[in-house]
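So the structure is just underneath, and the comments pick up after that.
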Amino acid sequence: MPPHRAKPRPRPLSSLTFAGILSLILPTCTLIRLYILTRSPLPIAWTCLASITTFFFYGYDKMQARNLEWRVREATLHALAMVGGWPGALVGMHYFQHKTRKRGFQVVFWGVVLAWEGVAWGVWTGGLGVV
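Take the sequence shown: its letter number 91 is residue 91 in full-length UniProt numbering, and every next letter is one higher.
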């Protein structure tokens with residue numbers, strides 16, 4: 001029989017998770033605006049694919065951590081967030097309760113989120129000349 005593991009208790013939303021949820025507003029509106037202006041579903045499709053992939057990587061890494069197996073490198077998790085998977089990383093961190101206490105990891109992650117917020121703002125205001 002497999003060893004008995006305690007079920008994780010539901011955690012309330014932390015202030016960082018709440019900030020992350022708020023940080024989804026501008027990029028989501030920007031993706032919708034891009035679609036309306038260009039009629040190209042590629043930015044939305046890319047963001048969804050990158051986010052889903054990143055979410056599963058967080059789940060896999062958490063499973064590996066629990067089983068004391070080889071882990072996904074933090075650089076890989078950050079790279080997935082950097083290419084557009086940061087929404088999936090945010091959901092994965094909260095859902096799997098993973099990488100939420102490592103201060104160094106969190107600093108890099110929130111830097112990536114801020115960079116993507118800057119990109120979204122630049123696209124929204126036309127400052128990047130995308131549309």
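All residues carry an ideal CB built from backbone N, CA and C; glycine is no exception.
When we look at the beta-carbon of residue i and count the other beta-carbons within 10 Å, is it buried (16 or more) or exposed?
i    : result
P87  : buried
A89  : buried
G104 : exposed
L42  : exposed
G127 : exposed
G111 : exposed
G85  : buried
Quick one: give me the first and last residue of the alpha helix (DSSP H) that residue i is part of.
i    : result
M93  : W86 to F96
G59  : L42 to R66
V113 : R103 to T125
E74  : E74 to L80
L16  : S15 to S23
Can residue i and residue j be called in contact, C-beta distance under 8 angstroms?
i    : j    : result
L80  : T47  : no
V113 : S15  : no
V83  : A45  : no
P27  : A115 : no
W124 : T30  : yes
Y58  : G20  : no
L78  : V108 : It should be pointed out that residue 78 corresponds to His in this sequence rather than to Leu. Cβ distance < 8 angstroms, so H78 and V108 count as in contact.
Validate contact between the segment 89–108 and the segment 48–63 using beta carbons, cut 8 angstroms, 3 pairs | yes
Between the segment 18–35 and the segment 65–75, are three or more C-beta pairs nearer than 8 angstroms?
-> no
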